[in-house]
Structure formats: structure tokens, C-alpha cells
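Residue numbers (UniProt numbering): 1 to 319.
Just so it is clear, CB atoms sit at the ideal spot from N, CA and C, and this is done for glycine as well.
All values reported here derive from a predicted model rather than from experimental measurement.
Everything below concerns the one structure shown next.
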Amino acid sequence: MPIRNSILLGTLGRYADRFHEYQKSRSLAERLEIAKRIPRTHGVEPVYPQDLGHHGEHVQTVKDSGLAISAVNVNLKGEDIFRNGSFTNPDAAIRRRSVDYLKTAMDMAADFGADMLSVCPLIDGWDYAFQVEYDKQWQWLAECFREATAYRPDVRISIEYKAYEVRNRIVLPNMGRTLHFCDVVGADNLGVTMDVGHALIAGETPAAEICIAHAAGRLFYIHFNDNDRGADWDMLPASVNFWETLEALYYVRKLGWDGWAAYDVFTRSGDNAEAVAATFEIMENLDKLIDRIGFDTLKGLSQEGIPARAFNSMIGALL
1 MPIRNSILLG TLGRYADRFH EYQKSRSLAE RLEIAKRIPR THGVEPVYPQ DLGHHGEHVQ
61 TVKDSGLAIS AVNVNLKGED IFRNGSFTNP DAAIRRRSVD YLKTAMDMAA DFGADMLSVC
121 PLIDGWDYAF QVEYDKQWQW LAECFREATA YRPDVRISIE YKAYEVRNRI VLPNMGRTLH
181 FCDVVGADNL GVTMDVGHAL IAGETPAAEI CIAHAAGRLF YIHFNDNDRG ADWDMLPASV
241 NFWETLEALY YVRKLGWDGW AAYDVFTRSG DNAEAVAATF EIMENLDKLI DRIGFDTLKG
301 LSQEGIPARA FNSMIGALL
């Protein structure tokens, strides 16, 4: 595979929803040690500040693991100060703190030898009509990212869009608006994390979004997972949307994209480390399936635009 596998460290620890807690709580050192033992692991994605500490207290722990860092994930939703938003909070002091989080994470990414951080502004949005001032939210968001991208042009900021959750509606809900926002900010080091699960719940076709982001020069990062398009379940890749996942991987190869891919997969039952290992194997097997069908065959079928022939060839390869 041309892409490199990265583990979101949060997938190896405790997971909770509104009703239950799943998996055991593990320290950063424990999760790093587990990651090192999972075959096909090329790197990890630690979270700032939850993993790394507000002042970098745990940076050395990550360095000591010897694992490469795909990106530093900036979490701007979990702490109580962000209850009313981060980059779009009406309180200018909270917006300032949000930008400071990005700047600190950029310094940490550079210190790790990485050139990217990923941020998902899930708390920036609204739940009800007339709850927020949309024009000001957009202005504040752009101002924050202009300042952050200018701070370190050598470090890329990759925005992970999502349609909803934590808010019922999020400012950057889909690929189109996120790419538009990148153009509004106007910084070359601002791009997009294409999360397959987020594309699915937004009603998008993951492969198509990969193509337009790549054409714009802003496809910085990919997260693979799956769901039923009704909610972001973070399931094993291809466990529901098999063909869409295969198509997304096909276009990653066709475009020659060679960046990092992380796997946002959470399991409620069984061992979460085993689920990550299975995820890597699934992606490797999907890549082999593309070769079994024939890369040129798939390319020819898409050019001919004959769905019946395409599906017959693909199903035949599975037999």
C-alpha cells in the first residue's frame, strides 16, 4: 500500500458513550507499548493536551517509544472551557486560547519530526435556530486559522470536518465547505482530513471527496472507518460499506497519494488492540483485492461506465 498506517492512540484505551463505558483505561505508556506490538503499525497519532499534557509533560514518553508521529491531534471539545465553542466562542479569550492550543501543538509536531496536526472543530456549531450569529462564527473561525497557519508555515493544519456531534450542526460539515474555508483562509499549509465515516454520514461518496481534495492540493490526511450512514459508529473499515471503501482505496492508489492514513475504529466488545490489528489486515486485503481484480481492469470499467460489467468482474474476483 502507498499509504502509511497510523493508530489513533485513543482507540487503544477507554471508550464511553451516553450509556456505557467500554474497554479498559490505559496509560499513555501502556497504549504506546501495545501500538508497538501491533503488526503493520508505522506510526501513531497522539492527542494534545490529553495525551501530551498542556505543557508537554508527556512528550518524552512518546519519543521514548520510538514510534513515528503521523500528526498531533488537537482536542478542542472535551474541556469545560470549550462548552460554548472553541474557535467560534463569543468570548475572545476562549478563541485566543484555542489558537494557542494550535500553536503549541504545532511546536510539538515539529519537535516530533512531524509536519502536521489534525483538528476537528466539533464544538463549533449550533443546536437551535437563532442560537448563534453565523456571520460572526465564520469570521472568527477564519481569523483563528489565519493566525495559526501564519505562525508556523512549516507545519500543516489538517481540518477534520463532520456534519454533527458534538453540536447538532457543525460549521464545517462537509468537504465542499471545508475546501471553501481553506480558500478563504488562503494558507498553503491548511488542508483536510478526509474521514471516511464522516463523509458517509454527510451523504458524500468518499472516493469523490478524496479526488476533489487532492485536486485542490489539500488532501493532507485520511481516516478510515465505517458506519451505516446514520451515525458515526467508527466501525471496522468495509464492514458495512464494502464497495465504497474499496473504491476509496482504489482512488488513493490511482492518484498516487502517499500520505498517512489513521484508523478511527472503536470496538465495544472484544479486544481493541485486536480490532486495530484486524483493521490493518482488512486494508491490506482490500489492497490485494484491487490487484486481484486488476487495477487496469477497474480503470477501464470506470471509463466505460458500465456498472453491470464492473460489479460482475468485482464479484467474480471474490469467488
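When DSSP assignments are scanned along the segment 212-290, the uninterrupted stretches of beta strand (DSSP E) that are 3 or more residues long and fall wholly within it turn out to be 219-224, 260-263. Counting only runs that start and end inside the segment 122-202, the beta strand (DSSP E) elements of at least 3 residues fall at 156-160, 190-195. In its chain, beyond the 5 residues on either side, H214 have a beta carbon closer than 6 Å to the beta carbon of L255. Take the alpha-carbon of S239 and the one of G56: they are about 37 Å apart.
Residue pairing of E21 in beta bridges, as defined by DSSP: A16. Secondary structure at N73: strand, using DSSP grouped into helix, strand and coil.
N272 and N5 have their C-alpha atoms some 16 Å from each other.
S269 and D258 have their C-alpha atoms roughly 33 Å apart. The alpha-carbon of T104 is positioned some 17 Å away from that of E79. Excluding residues up to 5 positions away in sequence, nothing lies with its Cβ nearer than 6 Å to the Cβ of F242 in the same chain. Scanning R169, F145, G43 for the CA closest to the CA of G113 turns up G43. Note: L117 is bridge-paired with V72, I157 in the DSSP secondary-structure output. Secondary structure note for S98: its alpha helix (DSSP H) is the uninterrupted segment 92-112.
Note on H180: under 16 other CB atoms within 10 angstroms of its CB, so exposed under the neighbour-count rule. Within its own chain, the residues whose Cβ lies closer than 8 Å to the Cβ of D127, once the five positions on either side in sequence are excluded, are R167, N168, R169, listed in chain order. Using a Cβ distance threshold of 7 Å, D234 and V265 count as a contacting pair. Beta-bridge partners of N5 (DSSP): A261. As the crow flies, the alpha-carbon of E244 is around 37 Å from that of G53. DSSP links V47 through a beta bridge to N73.
CA-to-CA, the gap between Y251 and I210 works out to about 8 Å.
Distances from the CA of P153 to each of H198, R18, P121, D115 were compared; the closest alpha carbon is that of D115.
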